[in-house]
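> The structure follows.
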Amino acid sequence: MTAALSAHELIARHRSTLDQALEAIRTRAYWSPHPEHPKAYGEHGSLDAAAGKAAFDALLGTRLDLGQPGTDDWVGGETSPYGVDLGVTYPHADLGVLLPAMKAGQRAWRNAGAEQRAVVCLEILKRVSDRTHEFAHAVMHTSGQAFMMAFQAGGPHAQDRGLEAVAYAYVEQVRTPDNAEWTKPQGKRDPLAMTKQFTPVPRGIALVIGCNTFPTWNGYPGLFASLATGNAVLVKPHPRAVLPLALTVQVAREVLAEAGYDPNLMALAAERPGEGIAKTLATRPEIRIIDYTGSTEFGDWLEANARQAQVYTEKAGVNTVVVHSTADYKGMLSNLAFSLSLYSGQMCTTPQNLLVPREGISTDQGPKSYDEVVADLAKSVDGLLGDDARANALLGAIVTPDVKARLDSAAGLGEVALASREITNPDFPGAVVRTPVIVKLDGAKPDAEAAYMSECFGPVSFAVAVDSASDAVELLRRTVREKGAMTVGAYTTDPEVEQDVREACLEEAAQLSLNLTGGVYVNQTAAFSDFHGSGGNPAASAALCDGAFVANRFRVVEVRREA
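Residues in the sequence shown are numbered consecutively from 270, following the numbering used here.
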């Protein structure tokens, strides 16, 4: 295959970016090569806002032909949570044809080496970045995120997570040298001398099972970790969120071909309505790695049944915030209100349970009772979302009828401190937009426990009254151990309480945010610095991103001979 992009050219373009990423994961300092602001795009080949919107509009109602082998049908059916029928159709694959074609290119990709694979991945990310405005609309109209969130989380933040995975993959592959000369002294006899060669080899075909809410942010880490370690990658998007990942596959195939590699190293597995091909794919012997984000039920099924594959899951948990005391009451309420409202609570990191001592908390504004804390938080949410235009920009749209049903039924679980209200989006009248509900529960009552010890995905939170700080910490510990948590938050001015919360999170492997009152929120994490999940509690079997996330996607094979 003739390469339009030489290895030397790709290294010249991207080696400095790779080096900066390697330094960022070493120092954990802030760094990103992908601008967060929409106005930063439009130069050096990237699409500006108007061009990106036009590119997205041009996709509607079209057939996205990826040129991959084994296409036996064309499938689609995505409808935006904003009420737009996308009308895009995608190739449906005959797996008996596609999977062997994907394996055919792995030898050359393996032999390319860690550096060349890394810079090819960086070229893919650069081309995706140039189309960030287009991708933002694709993410918005499949996930229901508001545009600015879709732009940032679906664009630069997702691209950062992909690059982070490439950097970790590179580090782990070059940890072992390519060659070694080995000499063992034998006293008076001649030494034993060996020449040894070490080659990272891929496991096989990697399967990425995409999610509805964050198709690129959650999809890119596994996709790029597997590709950078030499594996072919098959992307099985969520049926309601195909377009962002299909576009990614399209870009990747173009870059692989231009770099002289088989484009079938990256392929799409779209499905017919109700076909449910994830289980079929997950248990095929060719699939050796699986990345999955979604429900606990299916994640548990994958871990139990996809025995031939290395499985990385991000499932669900019950995220908890301990509210004990604060030196900035207003800032605490504002921070929590934003965290509960962002994307209508449809994030795996959104707080659900707020544990508040029933005798109240101490603050810089004096003592506040449990009832006052909950009422003031409700007022803060109301104030944040009181203007409908601002509310639409924060809330986005309810992504599925299941989320709306959970929201509607939550009001019957206890005393409602903040009722949910409907909001009309004038630009998209078909969107279902609802503000959060806050329900008061008594943590000592068994019927309340059934509610707060279950995940209620969506804009639903429970203000759980507990007897003391120690009871809050114990409930936190039990929740993480039994149900898992992607995030934990705590507000306290007491060093002993802080230490107890910290110890609980260390023992149960939960990521902790303490006393957030400014512009950083418990449900947001930064690539190259923050770990998303830990892999140490039931919410996820992997962390985005650490060495463990990439190291078992390849093995090192040794060839040795006498010198």
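Think of the CB as a built atom: it goes at the ideal place given N, C-alpha and C, for glycine as much as any other residue.
Predicted model only: the values in this text are computed from it and were never measured.
Between the Cα of T485 and the Cα atoms of A679, F404 and N448, which residue gives the shortest distance?
F404
> Taking the alpha carbon of A666 as the point to measure from, which residue in E684, F697 and V643 has its own alpha carbon closest?
F697
> Kindly confirm or deny that the segment 506 to 524 and the segment 582 to 597 touch, where touching means at least three C-beta pairs closer than 8 Å.
no
> Taking only the alpha-carbon atoms, compute the straight-line gap between L328 and V357 and give it to the nearest angstrom.
The straight-line gap from Cα to Cα measures roughly 7 Å.
> Could you check the C-alpha separation between G413 and T482 for me, to the nearest Å?
7 Å
> Can you tell me whether V511 is helix, strand or coil according to DSSP?
coil
> Are L274 and A528 close, meaning C-beta to C-beta below 7 Å?
yes
> My parser needs the beta strand (DSSP E) runs of 3 or more residues fully inside the segment 337 to 392; what are they?
The segment 337 to 392 contains, as complete beta strand (DSSP E) runs of 3+ residues, the segments 340 to 345 and 358 to 362 (chain order).
> Just the C-alpha distance for Y439 and A387, rounded to the nearest angstrom, thanks.
7 Å
> Report the partner residues of N448 according to the DSSP bridge assignment.
Q466
> For A362, which residues in the same chain have their Cβ closer than 6 Å to its Cβ, ignoring the five residues on either side in sequence?
Closer than 6 Å at Cβ, skipping near neighbours: G339 and A538.
> Quick check: the Cα distance between Y790 and M463, rounded to an integer number of angstroms?
55 Å
> Which residues in the same chain as A547 place their Cβ atom closer than 7 Å to its Cβ, once the five residues preceding and following it in sequence are excluded?
I478 and K505
> For Y760, does the three-state DSSP call read helix, strand or coil?
In this structure, Y760 counts as strand in the three-state DSSP scheme.
> Hey, quick one: how far does the beta strand (DSSP E) through Q579 stretch, first residue to last?
Q579 to E583
> Determine the direct distance from the alpha carbon of G321 to that of E312, and round the result to whole angstroms.
13 Å
> With a threshold of 8 Å, are at least 3 pairs of Cβ atoms found where one atom belongs to the segment 634 to 642 and the other to the segment 736 to 746?
no
> Just list the residues that DSSP pairs M535 with in beta bridges.
Answer is V502.
> What are the partner residues of S631, as DSSP defines its beta bridges?
S594
> My assumption, with CB atoms under 8 Å, is that P670 sits in contact with R703. Please give the rounded CB distance.
Contact flag wrong, Cβ pair sits at about 12 Å.
> Between N574 and L785, which are expected to be in contact by the criterion C-beta below 8 Å, what is the C-beta distance as a whole number of angstroms?
About 39 Å; that fails the 8 Å criterion.
> Using the three-state DSSP reduction, which class does R472 fall into: helix, strand or coil?
coil
> If we require 3 or more residues per run, which beta strand (DSSP E) segments fall completely within the segment 685 to 726?
706 to 711
> Please confirm whether T377 and Q442 have their CB atoms less than 7 Å apart.
The amino acid occupying residue 377 in the given sequence is Ala; Thr does not appear at that position. Result no, Cβ atoms of A377 and Q442 do not sit closer than 7 Å.
> Mind pulling the beta strand (DSSP E) runs of 3 or more residues that sit fully within the segment 607 to 664?
622 to 626
> Can you name the start and end residues of the beta strand (DSSP E) that S301 belongs to?
Unbroken run through S301: none, as it is neither H nor E.
> On the CB-based measure, 16 or more other CB atoms within 10 Å of its CB, does L775 come out buried or exposed?
exposed
> Could you give the residue range of the beta strand (DSSP E) that holds I556?
Taken as a continuous stretch (DSSP letters only), the beta strand (DSSP E) holding I556 covers I556 to T562.
> Taking the continuous beta strand (DSSP E) assigned at L781, which residues delimit it?
L781 to L783
> With respect to the beta strand (DSSP E) encompassing A734, which residues constitute its N-terminal and C-terminal limits?
V729 to V735
> Tell me, which residues are paired with L813 by DSSP?
H801
> Could you spell out where the beta strand (DSSP E) holding F483 opens and where it closes?
First-last for F483: undefined, no H or E at that position.
> What residues are listed by DSSP as bridge partners for L835?
There is no way to answer for residue 835, as the model of the chain reaches only from 270 to 832.
> What's the C-alpha gap between D569 and G805?
Looking at the two C-alpha atoms, the distance is approximately 15 Å.
> Between S495 and I558, which are expected to be in contact by the criterion C-beta below 8 Å, what is the C-beta distance as a whole number of angstroms?
Right, the Cβ-Cβ distance comes to about 6 Å (below 8 Å), so this counts as a contact.
> What three-state label does DSSP hand V825 in the structure shown?
strand
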